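**Student:** Encoded as structure tokens, here's the structure I'll be asking about.
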Amino acid sequence: MTRLPAVAGVLSERQCRRTAAAIAAVQQPGGALPWFPGGQTDPWDHVQAAMALSAAGLREQADRAFEWIRTAQRPDGSWAAKYVGGAVVDDYTDANFCAYPATGVWHHWRVFGDRGFVERMWPTVRRGIDVVLGLRAPGGQVWWARDADGSIRREALLTGNASIHLSLRCAIGLAEVVGEAVPELELAADGVRHSLDEHPERYADKSRYSMDWYYPVLGGALPVAEARARLAAHRAEFVVDGLGIRCVSDRPWVTGAETCEYALALDAAGLTAQAHAQLAAMQHLRDPDGSYWTGAVFPEGTRWPVERSTWTAATVVLAADALSRTTGGSGLFRGEGLPAGTMSPTLEGTCRCPTSR
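Reminder that position 32 of the sequence shown reads as 1171 in my numbering, one-by-one numbering, no gaps.
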């Protein structure tokens, strides 16, 4: 890669390189990317960090991260919800965590164009997606989780389902790369989208959390006018000018990853200037070593939690790539190259905050 993501006046290539290096410095020998040194690893945030390594050209470290995904997969196709130091500490199965490797592998394909990598990872992706299919509700939405004893947590999360919808579309795209027909995935993706757009009552009320506001826009799944209307509707509740966005509407707490994801949603809706402003606004969370603090309480400016998280740094890199159109993966959250689905979203038919995704 001859260029790294950079956004004029916000993040230089050199700064992006330092941020990617800060993520890589936390990587464990087996490839896992924990939240911070000695912290937990979960499959979703691990994949987010791996995508940032890809976008920053750290191919070896990204491949090691995906190898961890491949080897950590359990016999039933799932991953545990939480690992610390290589040991499982929370063994329930989160549907969104099992779906997201498809998004990461698709992103890797778009960045590097390595068909051999896709072929090696496809069985892992497919088995993870099969776990998701097994957690579908009759209305098309996907239940949140399955406990170790096999019982299903029959609560559907809007943010999680929006992320799953993107992952299903990525899995369909990967299937095309390896030459496999997957009509069941197309039907599942359409079912999730219909449920998201037409039946919000099927989801647990997490409207206090910003992720439920902007996540349905990610991946370019909504028509531009509809996406813009959704983002405008709750701007006053979440956006703190000059600082970023609140994680929770009634708390004086801005968070970096959510702000960057919001920037990605703005970009998907064609609101590029607003997206640039949000990426710039959250730079107060940057540490001199290139890492990023998770969030801050305002107006005091106190860091909280007192941690610099790999997934926050990763989302900065991904937002910078999207806004700069640097790599082949920069259009992921705009839906570039992804199958659109057989049903128009307008026709019929967790945040790191523990309770929101």
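We treat Cβ as the ideally placed atom computed from N, Cα and C, and that holds for glycine. Since the model is a prediction, treat every value here as computed from it, not as a measurement.
Is it true that the CB of residue 1173 sits closer than 8 Å to the CB of residue 1240?
**Tutor:** In the sequence shown, counting from the first residue as 1, residue 1240 sits at position 101. In the sequence shown, counting from the first residue as 1, residue 1173 sits at position 34. In this structure, residue 1173 does not lie closer than 8 Å to residue 1240 by Cβ.
**Student:** Is it the case that the Cβ atoms of residue 1356 and residue 1404 are separated by a distance below 8 Å?
**Tutor:** To locate residue 1356, count along the sequence shown from 1; it is residue 217. To locate residue 1404, count along the sequence shown from 1; it is residue 265. It is a contact, given that the beta carbons lie within the stated cut-off.
**Student:** Between the C-alpha atoms of residue 1243 and residue 1154, what's the straight-line distance to the nearest angstrom?
**Tutor:** Position 104 of the sequence shown, counted from the start, is the residue given in the question as residue 1243. Position 15 of the sequence shown, counted from the start, is the residue given in the question as residue 1154. Cα to Cα, residue 1243 sits roughly 23 Å from residue 1154.
**Student:** The beta strand (DSSP E) spanning residue 1351 covers which residue range?
**Tutor:** As a first step, residue 1351 must be located in the sequence shown, where it is residue number 212. First-last for residue 1351: 1349–1353, but that is the alpha helix (DSSP H), not the beta strand (DSSP E).
**Student:** For my contact list, residue 1143 and residue 1163 are in at a C-beta cut-off of 8 Å; report their separation, rounded to the angstrom.
**Tutor:** Walking along the sequence shown from the start, residue 1143 turns up at place 4. Walking along the sequence shown from the start, residue 1163 turns up at place 24. Contact doesn't hold; Cβ gap of about 14 Å is too wide.
**Student:** Measure the C-alpha to C-alpha separation of residue 1330 and residue 1375 and round it to an integer number of angstroms.
**Tutor:** Against the sequence shown, residue 1330 aligns to sequence position 191. Against the sequence shown, residue 1375 aligns to sequence position 236. Each residue's alpha carbon lies about 31 Å from the other.
**Student:** Report the option in 1396, 1379, 1287 and 1398 whose CA atom is closest to the CA atom of residue 1389.
**Tutor:** Start at 1 with the first residue of the sequence shown, and residue 1389 comes out as number 250. Measuring from the Cα of residue 1389, the nearest candidate turns out to be 1379.
**Student:** Could you check whether residue 1207 and residue 1267 sit closer than 8 Å to each other, using their CB atoms as the reference points?
**Tutor:** As a working note, residue 1267 is residue 128 in the sequence shown. As a working note, residue 1207 is residue 68 in the sequence shown. Not closer than 8 Å, so no.
**Student:** Taking residue 1448 and residue 1175 to be in contact with their CB atoms under 8 Å, please state how far apart those CB atoms are, rounded to whole angstroms.
**Tutor:** For this step, residue 1448 is matched to residue 309 along the sequence shown. For this step, residue 1175 is matched to residue 36 along the sequence shown. The Cβ separation is near 6 Å, so the contact holds.
**Student:** Between the C-alpha atoms of residue 1280 and residue 1292, what's the straight-line distance to the nearest angstrom?
**Tutor:** The count along the sequence shown starts at 1 and reaches residue 1280 at position 141. The count along the sequence shown starts at 1 and reaches residue 1292 at position 153. Roughly 13 Å between the two C-alpha positions.
**Student:** According to DSSP, is residue 1259 helix, strand or coil?
**Tutor:** Counting from one through the sequence shown, the residue named residue 1259 turns up at place 120. Helix, per DSSP.
**Student:** Buried or exposed: which applies to residue 1485, given that a residue is buried once 16 or more other Cβ atoms fall within 10 Å of its Cβ?
**Tutor:** In the sequence shown, the residue the question calls residue 1485 occupies position 346. Any answer about residue 1485 is weak, because its pLDDT of 34 lies below 50 and its placement is not dependable; what the coordinates show is given next. When all chains shown are included, residue 1485 counts as exposed.
**Student:** Rounded to a whole number of angstroms, what is the C-alpha to C-alpha distance between residue 1492 and residue 1254?
**Tutor:** As a first step, residue 1492 is located in the sequence shown; it is residue number 353 there, counting from the start. As a first step, residue 1254 is located in the sequence shown; it is residue number 115 there, counting from the start. Bear in mind that the predicted position of residue 1492 carries a pLDDT of just 44, short of 50, making it unreliable; the figure below should be weighed with that in mind. Roughly 36 Å separates the two Cα atoms.
**Student:** With DSSP as the reference, label residue 1431 as helix, strand or coil.
**Tutor:** As a position in the sequence shown, residue 1431 is number 292, starting the count at 1. Strand, per DSSP.
**Student:** Rank 1309, 1400, 1297 and 1234 by C-alpha distance to the C-alpha of residue 1260 and give the top, closest one.
**Tutor:** In the sequence shown, residue 1260 corresponds to position 121, counting from 1. Among 1309, 1400, 1297 and 1234, the Cα nearest to that of residue 1260 is on 1309.
**Student:** Which class does residue 1179 belong to by DSSP, given the choice of helix, strand or coil?
**Tutor:** As a working note, residue 1179 is residue 40 in the sequence shown. Note: residue 1179 maps to strand in three-state DSSP.
**Student:** Using the DSSP secondary-structure output, state which residues sit across from residue 1264 in a beta bridge.
**Tutor:** The residue you call residue 1264 lines up with position 125 of the sequence shown. None; residue 1264 has no bridge partner.
**Student:** Which residue wins for smallest C-alpha separation from residue 1203, given the options 1189, 1216 and 1212?
**Tutor:** Residue numbering aside, residue 1203 sits at position 64 when the sequence shown is read from its first letter. Ranking 1189, 1216 and 1212 by Cα distance to residue 1203 puts 1189 first.
**Student:** Using a Cβ-Cβ cut-off of 7 Å (strictly less than) and excluding sequence neighbours within five positions of residue 1306, which residues of its own chain qualify?
**Tutor:** Within the sequence shown, residue 1306 is the residue found at index 167, counting from 1. So the list reads 1238, 1239, 1241 and 1242, once near-sequence residues are dropped.
**Student:** For residue 1305, decide whether its Cβ has a neighbour in chain D, counting only Cβ atoms nearer than 8 Å.
**Tutor:** The question asks about chain D, but that chain is absent: this structure has only one protein chain.
**Student:** Would you mind listing the beta strand (DSSP E) stretches within the segment 1189–1253 that are 3+ residues and don't spill past its ends, in chain order?
**Tutor:** Segments of the beta strand (DSSP E) lying fully in the segment 1189–1253: 1221–1223 and 1226–1229.
**Student:** Can you give me the C-alpha to C-alpha distance between residue 1482 and residue 1158, rounded to a whole angstrom?
**Tutor:** Here residue 1482 is taken as the residue at index 343 of the sequence shown, counted from 1. Here residue 1158 is taken as the residue at index 19 of the sequence shown, counted from 1. Because the pLDDT of residue 1482 is 41, which lies under 50, any placement of that residue in the model is unreliable, and the question is left without a value.
**Student:** How would you label residue 1349, buried or exposed, when you count the other beta carbons within 10 angstroms and need 16 or more for buried?
**Tutor:** In the sequence shown, counting from the first residue as 1, residue 1349 sits at position 210. By the 10 Å Cβ count, residue 1349 comes out buried.
**Student:** Excluding sequence positions up to five away, which residues of its chain have a Cβ less than 8 Å from the Cβ of residue 1411?
**Tutor:** Residue numbering aside, residue 1411 sits at position 272 when the sequence shown is read from its first letter. Cβ neighbours of residue 1411 beyond the five flanking positions: 1405 and 1462.
**Student:** Where are the alpha helix (DSSP H) runs, 4 residues long or more, that stay fully inside the segment 1313–1395, in chain order?
**Tutor:** 1322–1337, 1349–1353, 1363–1372 and 1374–1377, all fully within the segment 1313–1395.
**Student:** Taking only the alpha-carbon atoms, compute the straight-line gap between residue 1257 and residue 1313 and give it to the nearest angstrom.
**Tutor:** Your numbering for residue 1257 matches position 118 in the sequence shown. Your numbering for residue 1313 matches position 174 in the sequence shown. Distance between the alpha carbons of residue 1257 and residue 1313 is about 7 Å.
**Student:** Would residue 1301 and residue 1272 qualify as a contact pair, given that the criterion is a beta-carbon distance under 8 Å?
**Tutor:** Taking the first residue of the sequence shown as position 1, residue 1301 is located at position 162. Taking the first residue of the sequence shown as position 1, residue 1272 is located at position 133. Their beta carbons are not under 8 Å apart, which means residue 1301 does not touch residue 1272 by this criterion.
**Student:** Are there 16 or more other CB atoms within 10 angstroms of the CB of residue 1443, so buried, or fewer, so exposed?
**Tutor:** On the sequence shown, residue 1443 is found 304 positions in, with the first residue counted as 1. Its Cβ having fewer than 16 others within 10 Å, residue 1443 is exposed.
**Student:** When you compare only the Cα positions, how much space is there between residue 1429 and residue 1184?
**Tutor:** Against the sequence shown, residue 1429 aligns to sequence position 290. Against the sequence shown, residue 1184 aligns to sequence position 45. Between residue 1429 and residue 1184, the C-alpha separation is close to 18 Å.
**Student:** Pull up the distance between the alpha-carbon of residue 1285 and that of residue 1141, whole angstroms please.
**Tutor:** Here the question's residue 1285 lines up with position 146 in the sequence shown. Here the question's residue 1141 lines up with position 2 in the sequence shown. Between residue 1285 and residue 1141, the C-alpha separation is close to 44 Å.
**Student:** When DSSP labels each residue in this structure, what does residue 1284 get in the three-state scheme?
**Tutor:** Numbered from 1 along the sequence shown, position 145 holds the residue referred to as residue 1284. It is a strand residue.
**Student:** How is residue 1293 classed by DSSP in three states: helix, strand or coil?
**Tutor:** Counting from 1 along the sequence shown, the entry for residue 1293 is found at position 154. Reduced to three states, the DSSP call for residue 1293 is coil.
**Student:** How about residue 1265 and residue 1304: do their beta carbons lie closer than 8 Å?
**Tutor:** Within the sequence shown, residue 1265 is the residue found at index 126, counting from 1. Within the sequence shown, residue 1304 is the residue found at index 165, counting from 1. No, Cβ-Cβ distance for residue 1265 and residue 1304 is not below 8 Å.
**Student:** Suppose only complete runs of 4+ residues qualify. What are the alpha helix (DSSP H) ranges in the segment 1413–1463, listed by chain order?
**Tutor:** Taking only runs of at least 4 residues, the alpha helix (DSSP H) segments lying wholly in the segment 1413–1463 are 1449–1463.
**Student:** Spatial neighbours of residue 1487 within its chain, please: CB distance less than 6 Å, with the 5 preceding and 5 following residues excluded, ordered by chain position.
**Tutor:** Stepping through the sequence shown from its first residue, residue 1487 is reached at position 348. A caution first: residue 1487 carries a pLDDT of 31, below 50, which makes its placement in the model unreliable, though a value can still be read off. Counting only Cβ-Cβ distances below 6 Å, and skipping sequence neighbours, we find nothing.
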